[in-house]
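Structure record follows, encoded as structure tokens.
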Amino acid sequence: MLAIIIILPLLLGTGLSALLNKAPRLTKMLVAVGISISCFLLLLSQAGPVLQGQTILQQWDWLPQLGINLSFRLDAIAWLFALLISGIGTLIFIYAYYYLSKNSSLSKLYVLLNLFMAAMLGISLSDNLIILLVFWELTSISSFLLVSYWNQYDAAQRGARMALTITGMGGLALLGGFILLGQIAGTYQIHDILAMGSTLQQHALFTPAVLLILMGAMTKSAQFPFHFWLPNAMAAPTPVSAYLHSATMVKAGIFLIARLLPIFVGFSLFHTLVTSIGLITFFIGAFFAIFKEDLKGLLAYSTISHLGLIVCLLGISSPLAVAAAVFHIINHATFKAALFMIAGVIDHEMGTRSMRKLKGIWQLLPFTSTLTFITASAMAGVPLTNGFLSKEMFFTEIASQFSGTSLTIAIIVTTLAGIFAVAYSTRMIHGIFFDGALGQDIPNKDAHEPPFGMRAPILLLAILCILVGVLPAFFAESIVNRVTQSILLSSNLHIAHLAIWHGVNTPLIMSVIALVGGVSLYFFLARQGKIRRIELEKYLGPLQGKLIFESLLHHLEIIARRIKLATETSKLQSNLFWVISFSIVMICIPLLPHQISTGTRVLTHAPILAIVLWLLLFSACWMMLWFHHERIKAVLISGTVGLVVSITFTTLSAPDLALTQITVDVVTTVLLLMSLSLLPQLTPYESSQARRWRDAMIAISAGGGIGWVAWLILTRDYSSISWFFIQQSLPLGGGANVVNVILVDFRGFDTFGEITVLGIAGIGTLCLMDGMRAHGTQTTKGLTYRFNPSPLLLRTTASWVLPIALVVSFYIFMRGHNYPGGGFIAGLITAIALILQYIALGQDRAERLIRAKSGRLYEIWIGSGLTIAGLSGIASWFWMRPFLTSAHIYVSPPLLGETHLASAVFFDLGVYFAVVGSTMLMISVLGDSRHSSMSGPLPKG
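Numbering (this note's numbering), first residue to last: 11 to 951.
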């Protein structure tokens, strides 16, 4: 239960933060910090077993036939990432409390940060590729919402869309890679796949699987050429940027490469590609960072550079390279989180983060300048900081793993990148806090140090940068070694001892050159004034990643629009022609090579009732075809078709389906009548004679083809699985009504998806019709509405129909598990009764009586229904049963005698609320769209 205990509180904390929207800000912060620090302490309590090499595996069956299970794995690498995610997340929660003004929603930020943290922990702890992918996509969605937190700004909207597009594209590639890898290995369980090691590399599909997986990892971790989305995500609040850059989003791709490294080691394409991309990203990120005007922009490009360094090390894949990558993951998380929070302090106090305006502010922020000196030195790799040690390990691997021309190129590139890193770090220290007198363009010249609570997280991280840099063997060696062994699946690896001094060697010389060269480069550019004047965007021109991305999207949009204009018109007839024609062709292509004929099953004579029903159905369909231009008549005739279908279900001993069909038909007819009443009463005659013959041939081909396929199926013997449901419905599902048990137990997940879609349809209708006011023939040439009082008989009847209908729906609901009925049918009966109130009393009065003005009540019903249904499914996990598994018991209360109770009734209750809420929300919105008030007359148009 450890993984669930870690992830579930954060998911619950998401909802709790939303519920605390009106609570005091301090309460919100304490709740968020309490949840995250509990996860951190729980993980810390597992340090002993994990650092001794133990791996904790937990699994709950979900879809075992497909190899998809809720599997979680806590080993050293998962423990380290989870510790960073929860630990730095806790500091971010504290920092955000002081950073955000009272005008910004702290609840909204905590909700999204909790969701983001849960998703990242899910990635770290997942032991199933598909489950990992689910959490992977959840990070993309939650980061999109976080980046667009201030959605009133265009920059936030553009940055969020760009991040979602790039990482979403990578997610699709990752899905393909995971499916290929699962097919190669025969399992989606990560520990089983890792146990196969390099044997998977012999398979022909391994190369495309690797490329697709790397595509997903590189887009998420902002590697070249996908790096441009990260600087454009800087419109997010600084706490979000600090969290995203240090321990979460951008580290997900690195974690994925490290997690799957055992199957990649020895595969030359992987080593060449990953090492090269890492080096290129390391270089260009450092170079661009020097010239950025925005302080967060500088830090964003430095993140790209450091991520490239880690990716390069993982591409080398030697034990020391992996150890250096692990060490730098830890170091980068500490100093980068601190530096982003410092950027937030400067912006918060000075009123700007433009480096053109900031200089000489050490006089106003002396404590912050000291913290900046420490953490920026760690970023630059200055001795006695943690960044120096991992950078030395990186240089060591570059010098030892390359040879010949490759060695020369690698040393030059890495040394130059090191010089650039020192240059932009020096600029952040000297250019902002010193470099002359206080800047004249600073908006707030009376700035002062922020509250200690805002500085405390930065102080803690700065202390860690020094402690790890001075005493690496004490603070980091055991963790780095154990995580490296966990990644490479070997407990006998010899890994270098972490120490400050390893003698005079090539890496030390490279470090000295980088330090001296970087400081010199900065002061040279500063004296020449080139840092503040040079705008690389002008030199790059159309080669900027952002412009290339926007150009690609623009051309894709143009191509899509041209295709749409060529194939799609405003005429439904033409659109249906293309859809149906394409479907016919795609069905015929695989069937043409086969000789398919009637099966050998013995045919039976059709009974008289079947012939009568067929003639009724044929007549109704023919009438609908004849009157289809008269929209209202066509809808009413379609109701006849539904009635015939209901009778058919009844004759085939399917009363549940018959009840559902009748109630759905009534509600659908009302909805269609309300929708069509906003349109002209007649459909225009658009077809020429030639088009009519064409459409007739298409209709005959499609209808005849479906009939032919049905004939082929019905004339062949088949093996039914109905026996299983009939036999197991009562013992496993606790119900005699097989149909209902299938819906709420055996295929409960399908039903949960269906009510979710129904709720989305209701909310979608609300959003689509929001603000729409159609006034009869005045605007639409539709029906003329006269909102006169309904007949007295109807109003009187409606007053006693509603309570009777509610009693009937309650009866139908309660009997559903053993007899025809259930939550869906009961919900539709309630909806029909409420619709009758709308007709009899008018919408305004009816909604006032049930307190459902503007559909607010119905939205609550939808949310409550989905919540109840979801919680009833989650409850089964506490008894180690699959999601939505029902439990049932027999009790004998006084007077009632033996009574059967099943937990599925709670799921059915959720279905009931979702159905009533969605149906009535659509009715309410469509009714309200015709007129803002249905109590008065509407002028004739």
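Ideal placement from N, C-alpha and C gives every residue a C-beta, glycine not left out. Keep in mind the model is a prediction, meaning the values are calculated, not measured.
Contact belief for residue i with residue j at Cβ below 8 Å, rounded distance in angstroms
i, j, result
"residue 156", "residue 250", "5 Å"
"residue 927", "residue 772", "7 Å"
"residue 400", "residue 341", "5 Å"
"residue 368", "residue 360", "7 Å"
"residue 99", "residue 139", "Incorrect: roughly 25 Å between the Cβ atoms, too far for contact."
"residue 848", "residue 856", "5 Å"
"residue 317", "residue 264", "7 Å"
Reference residue i, options the options, closest by Cα
i, options, result
"residue 376", "815, 448, 343", "448"
"residue 612", "723, 632, 680", "723"
"residue 232", "621, 37, 180", "180"
"residue 37", "61, 69, 103", "103"
"residue 608", "583, 721, 921, 580", "721"
"residue 284", "85, 876, 299, 266", "266"
"residue 64", "56, 603, 71", "56"
"residue 706", "738, 590, 595", "590"
"residue 617", "172, 482, 658", "658"
"residue 166", "248, 105, 186", "248"
"residue 446", "176, 853, 371", "371"
"residue 258", "229, 131, 269", "131"
"residue 54", "24, 293, 812, 94", "94"
"residue 89", "59, 854, 71, 73", "59"
"residue 227", "105, 327, 288, 277", "288"
8 Å CB neighbourhood of residue i in its chain, flanking five on each side removed
i, result
"residue 21", "124, 125, 128"
"residue 304", "244, 363, 364, 365"
"residue 725", "608, 609, 610, 611, 613"
Sequence-distant residues of the same chain with beta carbon closer than 6 Å to residue i, five excluded per side
i, result
"residue 643", "637"
"residue 886", "895"
"residue 355", "378, 460"
"residue 362", "453"
"residue 492", "61, 86"
"residue 203", "195"
"residue 808", "846, 847, 850"
"residue 420", "408, 412"
"residue 274", "280"
"residue 67", "83"
"residue 433", "300, 528, 531, 532"
"residue 490", "333, 336, 337"
"residue 28", "121"
Same chain only: Cβ atoms within 7 Å of residue i, ignoring 5 sequence neighbours per side
i, result
"residue 955", "The structure shown does not extend to residue 955, since the chain is modelled only from 11 through 951, so no value can be given for it."
"residue 76", "none"
"residue 25", "none"
"residue 892", "71, 72, 886"
C-beta atoms of residue i and residue j nearer than 8 Å
i, j, result
"residue 405", "residue 235", "no"
"residue 458", "residue 374", "yes"
"residue 496", "residue 205", "no"
"residue 35", "residue 200", "no"
"residue 122", "residue 96", "no"
"residue 174", "residue 150", "yes"
"residue 262", "residue 146", "yes"
"residue 831", "residue 820", "no"
"residue 770", "residue 924", "no"
"residue 41", "residue 30", "yes"
"residue 389", "residue 337", "no"
"residue 842", "residue 676", "yes"
"residue 344", "residue 508", "no"
"residue 427", "residue 315", "yes"
"residue 237", "residue 197", "no"
"residue 510", "residue 425", "no"
Cβ contact (3+ pairs, closer than 8 Å) linking the stretch 653-670 and the stretch 828-838: Contact between the stretch 653-670 and the stretch 828-838 is established, with three or more Cβ pairs separated by less than 8 Å.
Contact between the stretch 495-502 and the stretch 129-144 is defined here as three or more beta-carbon pairs at a separation below 8 Å; is this criterion met? Using a C-beta cut-off of 8 Å, the stretch 495-502 makes no contact with the stretch 129-144, since fewer than three inter-stretch Cβ pairs fall below that distance.
Flag this pair as touching only if the stretch 214-222 and the stretch 105-124 have three or more C-beta atom pairs under 8 Å; answer yes or no. Contact fails: fewer than three Cβ-Cβ distances are below 8 Å.
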